[in-house]
Structures are given as C-alpha cells and as structure tokens.
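Going by this note's numbering, the sequence shown opens with residue 0, and the numbers climb by one from there. Ideal Cβ placement from N, Cα and C applies to all residues, glycine included. Down below is the structure, laid out as structure tokens.
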Amino acid sequence: MSQECKFDKAWLDDVMRKVVKNLGMKFEDVRYTTIDCDPTFLSNMIFVNIIPNANDEDNEKKKTIHLVVKKQTCDVLASYLNIDEQFHNEILFYTRYAKNQEEFARCVYAEKRSKDAVIVLENVVAERGYSVPKWHGDTPMDYTYAVLRDIAKFHGKAYAMKEHRREEFFDFVKNIQQCWNSPSSEMMMVRDVCKARATDYLRSKGRSEPLLDKFHAYMENRLTEMMMKLFEPEEPLATLCHGDLTILNVLFKKVNGELTTMFIDFAMIMYASPIVDLSVFLSLHCTTYLNKNMLNDVLKFYHECLTECLKQNGVDCEKYSYEAFHEEFKKRGVFGYTVATYFLGILRRNEGEWCPAISKEMNIKECARLSCEAGGEKINILLANLLLSLKDFGCLDYFV
C-alpha cells in the first residue's frame, strides 16, 4: 500500500478484504496500491489497484482491477449538506437501481453506517477508457448534445420502469432521502444569500422592468415556497432525476467516433421533473450562449432522444409530447438559475481562488457569502444574461 494514502490502513485493509471477497478472490492472493485524489465536497476518495500476486508482469497488468473508494467525511461543510442522506442515496442507487447495468460504474462493495459510510466502485476511467472533462467554462456543443442525449435515455428508462414495473419503481423512489431539496436544509441559507445576485446587478446597471422587479420580490419573500414548487413531482412527467447534473459528474468517451457519456455521483437523486437536470446543466455549462433559440433547439433534441428511448422500451409517447416538455421548462427552468446564483462562480473560479472543498470547517454563513461573491463582475454578467434569457423564454411568468 502506498505511504500517501489518506485513509487509516487498518480501516482500508478491512474494506479491501470485503471487496476482494466480493470479487471472488482471496485476500492473501492479492496486494493493493493506492493513489490519493483531490477531496470533493462530501467525501474522501482514493484510487485502489488490486493486483494478483504473480511473477508474470504482463499477466499481472491484464488482471489488475481498478477501483474508486469513497468514504464519508465528517467535517462541518458535509454536515450542512446532509452527508448521511447523500451517501444513503448513492448506495441505494448503485446497489438497487443501477445493478447489472452497463451504462453505470459497477459497485463492488457498499456499507452504510452512520457517519462512516463507504462505497467502492469500478474505476471506469482506468477500466473502460472514459475521461474527465478539463474545461471550466462553457461546455462545447458536441459534448452538450451528448449529455442531453444520454440524460434523455436515463429519464426515458425511468419512465419505462415506472410504467412496466410500477411497484418496484415506487418502492425504490420511496427510499430516496431528501437532501438539498429539503426546506430545512442549510442550502436554503446559501440560496437565500445569493438569490438576488443577478437582479441586484441588473438594477445597478439601470436595468429595471416590471417583470424582473416582480420576480426579484417573489424570490425575496417566497424563496422556500418557490423551491418547493420547483421540486414537487407532478404526473405524468415526473421521473428519476440525477439531481446534480454538472460537468463534474459526467465522464466522456468516444466509441466508433461517437461521443458517449457516463454519469457518476448519484447522491442527489430525486423523483422530480426532468427539467431539474436539464436546467442545471444548461444554466451552469451553457451560460454564455444560452438564449431563447438555443433553448428551443436543445429541448427539441432532448425530446427526440427521449421519444426514441420510450419507443424502444414500449412506452406510449402520447403523454410525453414536446409541447408538454416545452411548457414544463417554462414552469421549472428557473431551478437551474437558482443553482447558478451560488455555484457558477465556484465552478468557473481561477486556480487558487476560494472553493468550499478546501474550506470544510467554514460556517455556512461565511460559505454563503463567499459563494455569492465568487467570480465577481464576470459571473454577475453571466447570471444577468442567464436570467434575461429565461425571461425571454417565459420562465419568470409562473412566479410573478
């Protein structure tokens, strides 16, 4: 085992014994090495390579198993973000919903213990050749369309399960625990601090008009009510959502010249409108060039991919019309904007700038203040343009 490993050796040895057993091997017949990776907001992670005790180096290389170990953190920031519930959801997803499905990383071990949960997953970068995106700005359009295509398939397969295996589907859904969509979540404080960033900026530049003023007042006085409306599942369009569809949770790979994706980190899964996923990705990763025409184009593309998936899975498409999704985006598209108000500046920070992942003992009020200031004028402009684009599409009409 490498000397740099951030995990306790005795703890990791115990976990790896169980992992090796699940893989059908004996612990004494293998060894393992570790490589630390950067911390995330909610977990400590290391890469683990399980290597057979063999003399043949070529044979050894072929049989090496590459894994990712994620261990729950217990710092202050994690407690604000409902870490217990998030690890519960990720373990639930991988051990029940994603089991034996090739489009997801294979889970080889998971254990849920209060304040000490762990999940061990296939390292699909090493095992299957996926790559981690490197950019911090807008996502190139070919990558955006790959994400939209594959999230449409994710939503479509959930619709199919809801129709064909209804009891099993809703038994899974009822076990999902609320995270940041809870009105009591500390994230509501972060949203509250950042909610007026774009409207305040527009006002400072002399841009004031009745619709924007009414939306500003609505967010000022009824933010919790607004968030609950955005999260509330309504039939027939409610489906299983990733819940945190950012570029940080997407891996890419080219297969026969076609760009494909793999979604990771399902801690925020929820039963909600598919617009939760679409609006978050578009608001965070297409911010610069998002406008009414672009929204129409990407919604049409998403719906075409969804319809194809529904037909392949024997689902009647009548209640999933394009018009229904278009209206649904007008109704819930501002959800992505509410996320962008506090997260866009963090995503697009320059190297060395503040990030919550390196301030894990900071209190939530200070974290919220820094989130609201992150990126400065550059992010203020992006958020203002995003809000204006959503206004042009009709997304503010539901909240004034």
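In this structure, the beta-carbon distance from Lys252 to Tyr144 does not fall below 7 Å.
Exposure of Glu224 is indicated by the presence of fewer than 16 other C-beta atoms within 10 angstroms of its C-beta. A straight line joining the alpha-carbon of Tyr31 with that of Asp115 spans about 22 Å. With distances taken between CA atoms, Asp191 lies nearest to Asn220 out of Arg202, Lys204 and Asn220. The beta carbon of Gln177 is closer than 7 Å to those of Glu84 in its chain, skipping five residues each way along the sequence. When DSSP reads this structure, Met269 sits in a beta bridge with Cys240. Per DSSP, Pro232 has no beta bridge partner at all. Going by DSSP, Leu120 is part of the beta strand (DSSP E) stretching over Val117 to Glu121. Under the 8 Å Cβ criterion, the region 229 to 249 counts as touching the region 275 to 285, having at least three qualifying pairs. In the DSSP secondary-structure assignment, Glu257 is bridged to Val254. Burial check for Ile175: the Cβ neighbour count within 10 Å reaches 16 or more, so the residue is buried. Around the beta carbon of Glu208, a 10 Å sphere encloses fewer than 16 other beta carbons of the protein chains shown; the residue is thus reported as exposed. Among the bridge pairs identified by DSSP, Tyr93 is matched with none. At a Cβ-Cβ threshold of 7 Å, Cys316 and Gly155 do not count as neighbours. Check the Cα spacing between Glu327 and each of Cys285, Tyr341, Leu294 and Val338: the tightest is with Leu294. In this structure, Ile90 lies away from Lys70, with their beta-carbon atoms at least 7 Å apart. Assignment of Cys304 by DSSP, reduced to helix, strand and coil, places it in the helix class. Here DSSP, grouped into helix, strand and coil, assigns His65 to strand.
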